[in-house]
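Residue numbers (my numbering), protein chains in the order written: chain A, 20 to 321; chain B, 20 to 321.
Glycine residues also receive a C-beta, built at the ideal position from the N, C-alpha and C atoms.
Since the structure is predicted, the reported quantities are computational estimates derived from the model, not experimental observations.
Number of protein chains: 2
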Amino acid sequence: MAVFNKIALIGVGLIGSSIARVARERAIANTIAISSRSQQTLDEARTLDLGDEYNTDAAQIVKDADLVILCTPVGVVGNITSIIADHLKPGSIISDVGSVKVSVIQQMLPHIPDGVNFVPAHPVAGTEKSGPKHGFATLFDNRWCILTPTPKAEESAIEALGDFWQACGSSIEIMDAEHHDKVLAITSHLPQLIAYNIVGTADDLEAVTNSEVIKYSAGGFRDSTRLAASDPTMWRDVCLHNKEAILEMLARFSEDLSAMQRAVRWADGDTLFDMFTRTRKIRRDIIDAGQEIDAPNFGRDD
Amino acid sequence: MAVFNKIALIGVGLIGSSIARVARERAIANTIAISSRSQQTLDEARTLDLGDEYNTDAAQIVKDADLVILCTPVGVVGNITSIIADHLKPGSIISDVGSVKVSVIQQMLPHIPDGVNFVPAHPVAGTEKSGPKHGFATLFDNRWCILTPTPKAEESAIEALGDFWQACGSSIEIMDAEHHDKVLAITSHLPQLIAYNIVGTADDLEAVTNSEVIKYSAGGFRDSTRLAASDPTMWRDVCLHNKEAILEMLARFSEDLSAMQRAVRWADGDTLFDMFTRTRKIRRDIIDAGQEIDAPNFGRDD
Chain A
20 MAVFNKIALI GVGLIGSSIA RVARERAIAN TIAISSRSQQ TLDEARTLDL GDEYNTDAAQ
80 IVKDADLVIL CTPVGVVGNI TSIIADHLKP GSIISDVGSV KVSVIQQMLP HIPDGVNFVP
140 AHPVAGTEKS GPKHGFATLF DNRWCILTPT PKAEESAIEA LGDFWQACGS SIEIMDAEHH
200 DKVLAITSHL PQLIAYNIVG TADDLEAVTN SEVIKYSAGG FRDSTRLAAS DPTMWRDVCL
260 HNKEAILEML ARFSEDLSAM QRAVRWADGD TLFDMFTRTR KIRRDIIDAG QEIDAPNFGR
320 DD
Chain B
20 MAVFNKIALI GVGLIGSSIA RVARERAIAN TIAISSRSQQ TLDEARTLDL GDEYNTDAAQ
80 IVKDADLVIL CTPVGVVGNI TSIIADHLKP GSIISDVGSV KVSVIQQMLP HIPDGVNFVP
140 AHPVAGTEKS GPKHGFATLF DNRWCILTPT PKAEESAIEA LGDFWQACGS SIEIMDAEHH
200 DKVLAITSHL PQLIAYNIVG TADDLEAVTN SEVIKYSAGG FRDSTRLAAS DPTMWRDVCL
260 HNKEAILEML ARFSEDLSAM QRAVRWADGD TLFDMFTRTR KIRRDIIDAG QEIDAPNFGR
320 DD
């Protein structure tokens with residue numbers, strides 16, 4: 020049985036198109052409506068047959084939707100909410116998929132009409148690919164989806180959204196938005212910035228050519244390039260909207276890196292050995308938790 | 020036809036055991052002799068049937084070997100060479116697989132007897148797994164092997180070692196040791212240290228629990244944990260033996276990270292967008308060069 024009769028997806032990139040696919044494949048919604056402000060993206064979604072309705076005007080597709088999910092970069096969710104607010108169906112649920120939550124709530128909450136349930140969500144899943152064609156139905160399987168409910172949400176609405184994401188394959192966790200933003204700053208935003216930075220540093224070297232960087236990337240560098248190939252608009256917005264938590268994690272990272280650098284400079288082998296030993300356990304735990312593959316090199320050399 | 024009649028591998032971890040496997044599988048050597056100072060590791064190699072001769076005394080297996088390869092952490096190659104030097108066969112080749120080359124040459128060259136060819140090598144390949152059982156015969160396929168020949172090497176010996184590595188599946192590049200160490204500092208050593216550091220920073224957080232770090236690692240963090248699970252002894256030695264180049268790369272990385280941090284603090288979206296855009300091309304180039312898989316998430320979610 021469908022969890023919702025009609026869902027409306029505003030934005031149809033990697034996440035939006037994956038929701039559309041899994042919702043249809045597993046019959047989680049009877050009708051899937053898709054909006055994108057870009058006619059080209061919308062045409063692409065139509066060619067891929069991702070939905071049942073298509074409209075560049077988001078207000079048109081939310082009217083009779085039971086669940087509206089904003090699947091855009093987090094910088095535009097306030098503006099979109101202000102545009103669609105008057106068209107939301109009483110008793111419906113509005114949600115999002117953004118990687119930051121405090122700012123999303125600040126942007127959206129003032130526009131939410133009484134009688135509409137606002138339940139922000141963050142499916143912690145993704146790939147480095149962007150756009151409708153790169154979504155896939157199993158993206159959320161075995162991943163976590165974090166809900167950060169607002170006062171403008173009935174308990175039943177929170178449960179219904181949880182049911183929806185469970186039907187999409189995910190496990191549900193509920194936490195407050197501030198804590199979410201700190202957790203994601205370390206598990207996602209910092210690794211992302213570090214990846215961008217290391218690739219940028221390599222790109223700038225004068226003494227080593229780019230072709231050398233590419234040829235010998237199997238020495239470890241290529242790992243960083245995956246995250247560094249992610250959507251720049253999405254990540255710019257994350258940085259702008261989770262500034263404080265990101266700055267804290269960057270500061271901690273830099274302090275730790277200075278300590279490591281000092282150990283290298285002073286040839287302090289024991290300290291380096293200890294630093295390089297304790298990190299093994301975390302990967303083991305991530306593999307045991309089913310969040311990572313155990314095959315060497317992520318299995319890519321198989 | 021075998022490239023060498025007998026090869027002797029001193030050290031039988033991931034790289035040594037992979038050489039043993041590919042050499043036998045492709046009949047690159049008629050006889051494979053293996054030494055490890057650890058009886059347990061040697062027994063493991065024997066159980067895996069990796070070679071034809073086993074001896075904890077390296078001097079015993081090099082006597083009639085045409086090619087001797089040191090496959091140990093780079094911190095011990097000088098000592099090992101001093102022990103085996105008098106037993107090396109005239110006209111034979113001695114090589115290594117270390118990720119640093121200047122220090123390896125400094126450590127080994129003084130011990131190399133006249134009439135023995137010393138050709139340091141570095142197969143740029145590996146996984147995060149350690150030990151004899153994790154080696155595999157295809158590890159070097161489609162990877163680069165860098166030779167940094169010394170004055171103590173006939174041209175024919177350099178060619179023969181190149182033939183050997185080509186038979187193992189690799190392409191050959193020849194460069195001077197100083198340049199090698201700079202190239203690897205950026206393509207391998209820096210990414211490795213950054214991975215260790217980011218995992219260490221996450222492990223230390225008080226506000227976010229380790230179980231949260233593990234649960235939500237699919238947001239990007241899990242990528243870093245692969246390199247951070249690598250052999251600590253090997254990487255301690257790399258840091259101690261490529262200090263100057265690593266310190267230079269760390270300094271550059273930190274400068275660049277400060278610039279990125281400043282852009283976050285000042286909410287400079289345009290600068291962040293530019294930083295996040297130029298890095299996409301490098302991954303594309305690495306994929307086009309056949310050094311990386313194009314599947315999303317390294318293909319691990321397939």
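(request) Using a Cβ cut-off of 7 Å, pull out every chain A residue sitting near M127 (chain B), in sequence order please. (result) Chain A residues near M127 (chain B): none, gap ~20 Å exceeds 7 Å.
(message) For a contact defined as C-beta to C-beta under 7 Å, what are the partners of D242 (chain A) on chain B?
(response) The contacting residues are P210, D242, R245 and L246.
(request) Under 8 Å Cβ to Cβ from G239 (chain A), same chain only, skipping five residues before and after it: list those, please. (result) Result list for G239 (chain A): empty, nothing under 8 Å.
(message) Can you find the residues in the same chain that come closer than 6 Å, C-beta to C-beta, to I34 (chain B), ignoring five residues on each side of it along the sequence?
(response) The beta carbon of I34 (chain B) is closer than 6 Å to those of C90 and V116 in its chain, skipping five residues each way along the sequence.
(request) Go ahead and pull the three-state DSSP assignment for K25 (chain A). (result) Reduced to three states, the DSSP call for K25 (chain A) is strand.
(request) Taking only the alpha-carbon atoms, compute the straight-line gap between D250 (chain A) and S277 (chain B) and give it to the nearest angstrom. (result) Straight through space, the alpha carbons of S277 (chain B) and D250 (chain A) are spaced by roughly 22 Å.
(message) I want to see whether chain A comes within less than 7 Å of Q310 (chain B), judged by CB atoms only; does it?
(response) So, interface residue.
(request) Please determine, among A:A46, A:R297 and A:T75, the residue with the shortest C-alpha to C-alpha distance to Q59 (chain A). (result) The option with the nearest alpha carbon to Q59 (chain A) is A:T75.
(message) Given a cut-off of 7 Å on the beta-carbon distance, is the pair P151 (chain A) and A64 (chain A) in contact?
(response) By the CB criterion at 7 Å, P151 (chain A) and A64 (chain A) fall inside the cutoff.
(request) Put Y235 (chain A) into one of helix, strand or coil per three-state DSSP. (result) Y235 (chain A) carries a coil assignment under DSSP once its states are collapsed to helix, strand and coil.
(message) Using DSSP's beta-bridge definition, name the partner residues of C164 (chain B).
(response) Beta-bridge pairing by DSSP links C164 (chain B) to B:P142 and B:I191.
(message) Can you list, in chain order, the residues of its chain with a C-beta nearer than 6 Å to that of H260 (chain A)? Leave out the 5 residues immediately preceding and following it.
(response) Short of 6 Å from the beta carbon of H260 (chain A), and not among the five residues preceding or following it, lie these beta carbons of its own chain, in chain order: V93, V119 and S122.
(message) Please state the DSSP three-state secondary structure of I265 (chain A).
(response) Residue state for I265 (chain A) is assigned as helix, using DSSP reduced to three classes.
(request) Compute the Euclidean distance between the alpha carbons of Q79 (chain B) and A104 (chain B), then round it to the nearest angstrom. (result) In a straight line, the C-alpha of Q79 (chain B) is about 11 Å away from that of A104 (chain B).
(request) Taking T167 (chain B) and D133 (chain B) to be in contact with their CB atoms under 8 Å, please state how far apart those CB atoms are, rounded to whole angstroms. (result) About 20 Å; that fails the 8 Å criterion.
(message) Taking the alpha helix (DSSP H) that L224 (chain B) belongs to, which residues open and close that run?
(response) Taken as a continuous stretch (DSSP letters only), L224 (chain B) belongs to no alpha helix (DSSP H), as it is neither H nor E.
(request) Can you check DSSP and say which residues form a bridge with D89 (chain A)? (result) Checking the sequence shown, residue 89 (chain A) turns out to be Leu, not Asp. Answer is A:I29 and A:D115.
(request) With DSSP as the reference, label S54 (chain B) as helix, strand or coil. (result) It is a strand residue.
(request) Would you verify that the beta carbon of F159 (chain A) is, or is not, closer than 7 Å to some beta carbon of chain B? (result) No, because no Cβ of chain B sits closer than 7 Å to the Cβ of F159 (chain A).
(request) Please confirm if the region 178 to 197 of chain B is in contact with the region 204 to 218 of chain A, defined as three or more CB-CB distances below 8 Å between the two stretches. (result) The region 204 to 218 of chain A and the region 178 to 197 of chain B do not touch, with fewer than three beta-carbon pairs separated by less than 8 Å.
(request) Measure the alpha-carbon distance for G154 (chain B) versus S36 (chain B) and round it to whole angstroms. (result) Going from the Cα of G154 (chain B) to the Cα of S36 (chain B) covers about 5 Å.
(request) Output the boundary residues of the beta strand (DSSP E) element that contains N74 (chain B). (result) Per DSSP, N74 (chain B) belongs to the beta strand (DSSP E) from E72 to N74.
(message) I believe K171 (chain A) touches L128 (chain A) by the beta-carbon criterion, under 8 Å. Please report the beta-carbon distance rounded to the nearest angstrom.
(response) Contact holds; Cβ gap of about 7 Å.
(request) Measure from the C-beta of A156 (chain A) to each C-beta in chain B and report whether the shortest distance is under 7 Å. (result) Not closer than 7 Å to any Cβ of chain B, the Cβ of A156 (chain A) fails to qualify, so no.
(request) From the DSSP output, in three-state form, read off A84 (chain A) for me. (result) DSSP places A84 (chain A) in coil when its eight states are reduced to three.
(request) Can you grab the Cα-Cα spacing for the pair G32 (chain B) / C187 (chain A), in whole Å? (result) Approximately 43 Å between the Cα atoms of the pair.
(request) Would you tell me roughly how many angstroms separate the C-alpha atoms of R303 (chain A) and S101 (chain A), rounded to the nearest one? (result) Near 45 Å, if we compare the C-alpha coordinates of S101 (chain A) and R303 (chain A).
(message) What does DSSP give as the partner residue(s) for N136 (chain B) in the beta ladder?
(response) Note: N136 (chain B) sits in a beta bridge opposite B:I112.
(request) Give the residues of chain B in contact with W184 (chain A), contact being defined as C-beta atoms less than 8 Å apart. (result) Per Cβ cutoff of 8 Å: no residues; W184 (chain A) is ~14 Å from chain B at best.
(message) Is there a Cβ of chain A sitting closer than 7 Å to that of T298 (chain B), yes or no?
(response) Look at T298 (chain B): its C-beta is under 7 Å from a C-beta on chain A.
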